[in-house]
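Participant:
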Amino acid sequence: PAQLSPLDEAEAFAPSNIALCKYWGKRDAELNLPINNSLSVSLGHLGTRTRLQRSPDGRDRVWLNGIEQDSSGDFAAKLLAFIELFRAGRVLPVHVHTENNIPTAAGLASSASGFAALTLALDKWLQLALEPTVLSAFARLGSGSACRSLFDGFVEWQDGIHDDGMDSHGVPLEARWPGLQIGLVKVATGEKAVGSRAGMQRTLETAHLYQSWPLQAAADLEKLHRAIETRDFALLGQTAEQNALSMHATMIASWPPLLYWQPESVAAMQRVWQLREQGLALYFTMDAGPNLKLLFEARDRAAVEQAFAGLEVVAPFGD
Ligand code: 2P0
Numbered sequence: 385p386a387q388l389s390p391l392d393e394a395e396a397f398a399p400s401n402i403a404l405c406k407y408w409g410k411r412d413a414e415l416n417l418p419i420n421n422s423l424s425v426s427l428g429h430l431g432t433r434t435r436l437q438r439s440p441d442g443r444d445r446v447w448l449n450g451i452e453q454d455s456s457g458d459f460a461a462k463l464l465a466f467i468e469l470f471r472a473g474r475v476l477p478v479h480v481h482t483e484n485n486i487p488t489a490a491g492l493a494s495s496a497s498g499f500a501a502l503t504l505a506l507d508k509w510l511q512l513a514l515e516p517t518v519l520s521a522f523a524r525l526g527s528g529s530a531c532r533s534l535f536d537g538f539v540e541w542q543d544g545i546h547d548d549g550m551d552s553h554g555v556p557l558e559a560r561w562p563g564l565q566i567g568l569v570k571v572a573t574g575e576k577a578v579g580s581r582a583g584m585q586r587t588l589e590t591a592h593l594y595q596s597w598p599l600q601a602a603a604d605l606e607k608l609h610r611a612i613e614t615r616d617f618a619l620l621g622q623t624a625e626q627n628a629l630s631m632h633a634t635m636i637a638s639w640p641p642l643l644y645w646q647p648e649s650v651a652a653m654q655r656v657w658q659l660r661e662q663g664l665a666l667y668f669t670m671d672a673g674p675n676l677k678l679l680f681e682a683r684d685r686a687a688v689e690q691a692f693a694g695l696e697v698v699a700p701f702g703d
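For the sequence shown, my numbering assigns the number 703 to the last residue and increments by one with no breaks.
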């Protein structure tokens, strides 16, 4: 719109999300259009709160967890470039306050909840009142997985067919799963050597194995929908775990090789397999990093917490 009427201040929250069927590979790197549909679960109260304030000093400034960020640094630059999509050249300096309540020990990405919260805050601040799916498509431009963080519960990111990407956004599923638990196993924190963006590009360009990935993802997506509809936890867990390992197989088959695992990651996987052999309904998923995210149900929480000391547990649909 030609006329934007910013409020003095606006604030929004968006949850982090964990994919059960992963997004890995883009058909358009500029618009973050994916090769395959993905399906995630949002993490309830864990995520990002963003407050936008009409700048009292005429400058764009950015704070992260109360600490002002260098405006030419990566974090602020990426965020301000995204805001510029909404300002479209108009002079509307802004102060951005971003707070993550994701436990730093959890090894969770914050770019998904960050761009989703920023998109929601921009919509409020500029009084745009856009549709949720339109906001989801916009959030995708900041970070692909952010389009899934616009919604609670299970969310499918549909890849879409249009070149402009406006049909590539999250779609929330109606089904809920009370008692579904996610346990965050911290193996290592700190910056990873190769981020997701560069990692998926490398896989696409160098791993022949990647050719099978879209087939894997399509089959897994169908299984996940069936698992969610019929509350079949074993099917959900198996599918998520195999999907994550299939994605990692394509990473490992890249050149130079992309191995996000640490010895402790493998030890934790083996512990999960051992517990499963002993009858525990426990599965894991992993993203572009060394940490595991355990999947289990509320009735097994005590047993899982006993096996993994210091586990951070999230119940996306409540206990
Ligand atoms: C996912 N990941 O589905 C997958 C699994 C990482 C591994 O979405 O380049 O930060 O900003 O679109 O969204 C992380 O990728 O990448 C991600 P960009 P993004 O959760």
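Where is the CB? At the ideal position from N, CA and C, for every residue including glycine.
From a predicted model like this one, the values you see are computed outputs, not experimental measurements.
So the alpha helix (DSSP H) alanine 461 belongs to, where does it begin and stop?
Facilitator: On the sequence shown, residue 461 is found 77 positions in, with the first residue counted as 1. Alanine 461 -> alpha helix (DSSP H) spans 458–471.
Participant: Return helix, strand or coil for aspartate 412, following the three-state DSSP convention.
Facilitator: The residue labelled residue 412 in the question sits at position 28 within the sequence shown. In the structure shown, aspartate 412 falls within a strand segment according to DSSP collapsed to helix, strand and coil.
Participant: Report the CB separation of lysine 406 from asparagine 627 in whole angstroms; it is logged as a contact under 8 Å.
Facilitator: Numbered from 1 along the sequence shown, position 22 holds the residue referred to as residue 406. Numbered from 1 along the sequence shown, position 243 holds the residue referred to as residue 627. Lysine 406 to asparagine 627, Cβ: 6 Å. Contact.
Participant: Measure the alpha-carbon distance for alanine 682 versus phenylalanine 692 and round it to whole angstroms.
Facilitator: By one-based count along the sequence shown, residue 682 stands at place 298. By one-based count along the sequence shown, residue 692 stands at place 308. Straight-line Cα distance between these residues: approximately 15 Å.
Participant: Can you tell me the Cα-Cα spacing of phenylalanine 499 and valine 650, whole angstroms?
Facilitator: Against the sequence shown, residue 499 aligns to sequence position 115. Against the sequence shown, residue 650 aligns to sequence position 266. Spanning the two alpha carbons is a distance of roughly 31 Å.
Participant: Is it the case that the segment 508–521 contacts the segment 550–559, given that we only count it when at least three CB pairs across the two stretches are under 8 Å?
Facilitator: Inter-segment contact for the segment 550–559 and the segment 508–521 is present: three or more beta-carbon pairs are separated by less than 8 Å.
Participant: Taking 6 Å as the limit between beta carbons, can you name the residues of its chain near serine 638, skipping five residues before and five after?
Facilitator: Counted from its first residue, the sequence shown places residue 638 at position 254. So the qualifying residues of the chain are Arg586, Thr587, Thr590, Ala591.
Participant: Looking at the unbroken beta strand (DSSP E) that takes in histidine 481, where does it start and where does it end?
Facilitator: Residue 481 sits at position 97 when you count from the first residue of the sequence shown. DSSP places histidine 481 inside the beta strand (DSSP E), whose first and last residues are 478–484.
Participant: Take arginine 438 as the anchor and find which of Pro556, Ala505, Glu661, Leu427 has the nearest alpha-carbon.
Facilitator: Residue mapping note: residue 438 aligns to position 54 of the sequence shown, counting from 1. Considering only alpha carbons, the answer is Ala505.
Participant: Using DSSP with H/G/I as helix, E/B as strand and the rest coil, what is glycine 428?
Facilitator: Along the sequence shown, read from residue 1 onward, the residue named residue 428 stands at position 44. The answer is strand: DSSP assigns glycine 428 an E or B state.
Participant: Going by the C-beta, is alanine 672 closer than 7 Å to any heavy atom of ligand 1?
Facilitator: Locating residue 672 in the sequence shown gives position 288, counting from the first residue. Flag set: Cβ of alanine 672 near ligand 1.
Participant: Pull up the DSSP beta-bridge partners for glutamine 437, would you.
Facilitator: To locate residue 437, count along the sequence shown from 1; it is residue 53. For glutamine 437, which the question treats as bridged, DSSP gives the partners Glu393, His479.
Participant: Taking contact to mean at least 3 C-beta pairs separated by less than 8 Å, is the segment 661–673 in contact with the segment 430–444?
Facilitator: no
Participant: Cutting at 7 Å between CB atoms, please list the residues of its own chain near alanine 396, excluding the five before and the five after it.
Facilitator: Within the sequence shown, residue 396 is the residue found at index 12, counting from 1. Hits under 7 Å: Thr434, Ala501, Leu504, Ala505, Lys508.
Participant: Given a threshold of 16 other Cβ atoms within 10 Å of its Cβ, counted over all protein chains shown, does histidine 632 qualify as buried or as exposed?
Facilitator: Here residue 632 corresponds to residue number 248 of the sequence shown, with the count starting at 1. Flag for histidine 632 reads buried.
Participant: Is the beta carbon of valine 478 closer than 8 Å to that of leucine 463?
Facilitator: Within the sequence shown, residue 463 is the residue found at index 79, counting from 1. Within the sequence shown, residue 478 is the residue found at index 94, counting from 1. No. Outside cutoff.
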